[in-house]
Amino acid sequence: MPSVHPAEVASPPSHCHVGGRNMRLTRRFNRALGAVAAVGLAGVGLTAVPAEAEPVPIDILATNDFHGRISADGQSAGAAVLAGAVDQLRAENPNTVFAAAGDLIGASTFTSFIQQDNPTIDALNAAGLQVSAVGNHEFDQGYCDLIDRVIPRATWEYIGANVAVLPGADTGCDTDTEIAPTWTETFGDVEVGFVGAVTEHLPELVTPSGIAALEVGDIVAATNESAAALKADGADIVVLLVHEGAPTTAFEDAVDPGNDFGEIVNGVSADVDAIVSGHTHLAYNHSVEVPEWVAEDRDVTTRPVVSAGQYGFNLNKIRFSYDAAANGGAGAVVDVESSILPLTERDADGVWQPLYPADQAVGEIVTAAEDAAEELGAASLGTITGDLFRAAQNPTADNPTPENRGGESTLGNFVADVQLEAAQVTDPETQIAFMNPGGLRADITFGSSGEGDPDGNVTYREAAIVQPFANTLVTTTLTGDQLAQVLEEQWQPAGASRPFLKLGVSAGFTYTYDPDAAAGERITTMELDGAPIDPAGQYRVVVNSFLASGGDNFATLAEGADSTDTGQVDLQAMVNYLADNSPASPDLGQRAVGVNWVSDPDAVYAPGDEIAVDLSSLLFSHGEPADATATVTLGDTEVGKVDIDPAIVDTTDEVGRAQVRVTVPEATMPDTTAAEETALVIELPETGTTVALPVTVDFGDDPGTDDGSENGDENGAENGDENGADDGTDDGADESGDENGSDDGADENGADDGTEDGDELPDTGSSGVLWWVIGGVAVLVIGGALFAVSRRKGSTGGGDQAV
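Convert by adding 1368 to the 1-based position in the sequence shown; the result is the number in my numbering.
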């Protein structure tokens, strides 16, 4: 989710700006001016008239995206202080509704997560929450968990007008209750109605199989229909609780019809008096003009559009003044004002302090939950030798390392390794694992978290916070073409919540991509354990159940053959892995690299020519060890060093960019005059990432008297020296001594390490790097893993190219 911009102070009088943010109070002229005029006229001897009844003040207190933050933690006030604030404000005005815009549970802290979020439900019950929209995280465990467990335990009403069971669908749930679209509360003669709605992106944000019986409809259409029904049934005020939010805190973005939220703000009808939103975790307080209200010359012509941010940092407060005598006796809202109320503030020492007293009953619920979680979470699972981080974006004022789901990460790759090993227990043929970045909710850090937790120790609590969704692991079979399509689907479709989602991949599977290529042509090579992926071949893959159902728009993963749920929960897989593999270490090498040719990759280069190629995704982004430069060799000759740009490019995997520009020297391959295929090798010694690009170099005229065969065999192609050394190249022609009459670079057992008669492997000028050319793909060894890079830009198939 986007970075958070909470309000630091309560919103000031109308149309003021707070801390550079566009936080506007919706406060309109009311009938007070008329009351003042009446008093003045009474003073000049006019006949007194009976005083009109005072408008009724009705307050809406709202939270959103609480995510089980029941314990006080820094700016997060905790459930007890949140409840205490509601207690105090409700005591000031009994005409108060405590409402929410969804995501109260799910993606929770360990204290709540480890107990199925029951402590959060119990705490909000005790806090007097009355109504909430359903958020996407309410569906994390599936619709049946929400209907059968969560809703019966909650004393508040969950509402969602745009989500319903498909006609005739069998939900498989124990109860046939459905989510209500609306809810109402009455204060005297004033009825307040609420419409709920959840983001239209719900199907891509949760495991699709968990909501297979549901249809998610258009928010605007569902809201307008429900609001009209409420008004027809006598509601005087209608509030939309919607789990969708503005992309930034700027007013202009909130009302931009080109984004999901702006479409809602502009599209909901004049029946809706306020919009309480969430999902994007941003705090804002806007006042948006409603053209119909202006045309009708209402006392109030603008609508509050608000969000409280996240994690119990703030409360939204909206006060409606409703006058039953207004509008010719039909009644109307004659004034509305809104504000953001922080629940904590920093003291002189910079420590966050509560601004409201804690509710005792809620505090007792939280304490009991913390005690239970402490015991459950303290168990040590194993150890690590270094931090396992998610990818990071550029720092903001509120977060030095905001999460970037578009970047390769040590944690994402590590979890893929964990899940591959787990899957191989029940399905030994499993070869590749993919991990979605949104399933990783925290980092695993090396440093101690306090007494009893030494450096490198990983507790059950730490592991559980990383993967709180309890997904199971599913194996499926994909073709090579489907693997390429899965990787293409990292580039998300138009309208998705993020433009790019970088999958973690297991060790042994590597690929290259062209970031500038057209959709469908970005993946340029793939290989598994050194062998190019066969487009028609079949590969056994493991993913979590969220991805297996096509979550995050990875539709191809739902199309695999022979899909089997292993029954293993992702968290338990981590528990088992650390028990068997401690200490575990982060892999600092990249498993995907961007390659964009500037010069012609198919050219035959001569001494003095420039070879030019741009590389990206050479580094991680969260402060991991990184190389400042890379060494470039061509054949046996070091031809230079290139700088690596470590700047982060938000939402992408392009951190670590290098412009490789080298001139072909006179002597790259000794004793060679004919055109030869060699490797341009770019090596990062600190991280171990090495990339080899096959290029062809012509060192002069071929005298034509010797084609490199042994013993004068005109069909030979071994390029051996007089000592029998072999550089690993072969044109597949007949070779003396080959019992089959031909040689394709393999020995009689089908494998050739590029050596003959015990001689050393060919030297590429980079220690520990071995490369061959296989079908036009350069393959190299990096610490036991193979990495291949295509010589052809943008190719995705064909006889000489894997993908």
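Ideal Cβ placement from N, Cα and C applies to all residues, glycine included.
Since this is a predicted model, take the numbers as computed values, not measurements.
Would you check if the distance between the CB atom of residue 1447 and the CB atom of residue 1495 is smaller than 8 Å? yes
May I ask you to list the residues that DSSP assigns as paired with residue 1719? Residue 1719 is not bridged to any residue.
In chain order, what residues of the same chain have a beta carbon less than 6 Å from the beta carbon of residue 1845, not counting five sequence neighbours either side? 1906, 1908, 1928, 1929 and 1930
Given residue 1574 as reference, the closest of 1861, 1843 and 1838 once Cα atoms are compared: 1838
Tell me where the beta strand (DSSP E) around residue 2062 begins and ends. 2058-2065
Identify, in the order they occur along the chain, each residue of the same chain with its Cβ nearer than 7 Å to the Cβ of residue 1436, setting aside the five sequence neighbours on each side. 1473, 1476, 1477, 1480, 1481, 1485 and 1488
Hey, is the region 1939-1954 in contact with the region 1885-1892, meaning 3+ C-beta pairs nearer than 8 Å? no
Buried or exposed for residue 1534, going by 16 or more other Cβ atoms inside 10 Å? exposed
Would you report the Cα separation of residue 1727 and residue 1810, rounded to the nearest angstrom? 29 Å
Start and end of the alpha helix (DSSP H) containing residue 1724? Segment: none, residue 1724 is in no alpha helix (DSSP H) and carries neither H nor E.
Suppose you measure from the CA of residue 1401 to the CA of residue 1703; what does that come to, to the nearest Å? Low local confidence applies: a pLDDT of 33 at residue 1401 is under 50, so the model's placement there is unreliable, and no value is given.
So, helix, strand or coil for residue 2009, using DSSP? strand
Is it the case that the Cβ atoms of residue 1757 and residue 1992 are separated by a distance below 8 Å? yes
Distance between residue 1493 and residue 1672 (C-alpha atoms, nearest Å): 27 Å
Hey, out of 1661, 1449, 1455 and 1433, whose CA is closest to residue 1670's CA? 1661
The beta strand (DSSP E) with residue 1339 in it runs from where to where? It is not possible to answer for residue 1339, since the shown part of the chain is limited to 1369 through 2171.
Measure the alpha-carbon distance for residue 1974 versus residue 1647 and round it to whole angstroms. 58 Å
What is the rounded straight-line gap between the Cα of residue 1450 and the Cα of residue 1682? 8 Å
Could you round the C-beta distance between residue 2050 and residue 2015 to whole angstroms and report it? I think they count as a contact, below 8 Å. About 19 Å; that fails the 8 Å criterion.
Check residue 1750 in the structure and name its three-state DSSP category. strand
List the whole-angstrom C-beta distance separating residue 1611 from residue 1469, where the pair is believed to meet the contact cut-off of C-beta under 8 Å. 6 Å
Expressed to the nearest angstrom, what Euclidean distance is found between the alpha-carbon atoms of residue 1685 and residue 1459? 14 Å
Run the CB neighbour count on residue 1503, radius 10 Å, all protein chains shown included, and call it buried at 16 or more, exposed below. buried
Local conformation of residue 1730 per DSSP, three classes: helix
Please state if the CB of residue 1873 and the CB of residue 1814 are separated by a distance shorter than 8 Å. no
Residue 1454 - containing alpha helix (DSSP H), residue span: 1447-1460
Do the region 1814-1831 and the region 1746-1765 meet, that is, are 3 or more Cβ pairs less than 8 Å apart? yes
Does the region 1841-1860 come close enough to the region 1765-1773 to have 3 or more Cβ pairs within less than 8 Å? no
Between the region 1734-1747 and the region 1908-1924, are three or more C-beta pairs nearer than 8 Å? no
How would you write the range of the beta strand (DSSP E) that residue 1701 sits in, first residue to last? 1700-1710
Residue range of the beta strand (DSSP E) that residue 1877 falls in? 1877-1881
What residue from 1614, 1592, 1903 and 1617 has the CA that sits closest to residue 1606's CA? 1592
Option nearest residue 1688 by Cα separation, candidates 1668, 1680 and 1695: 1668
Taking just the CA atoms, how far does residue 1954 sit from residue 1819? 24 Å
Are residue 1958 and residue 1986 touching if we call contact CB-CB under 8 Å? yes
For residue 1912, write down the residues that DSSP places opposite it in a beta bridge. 1841
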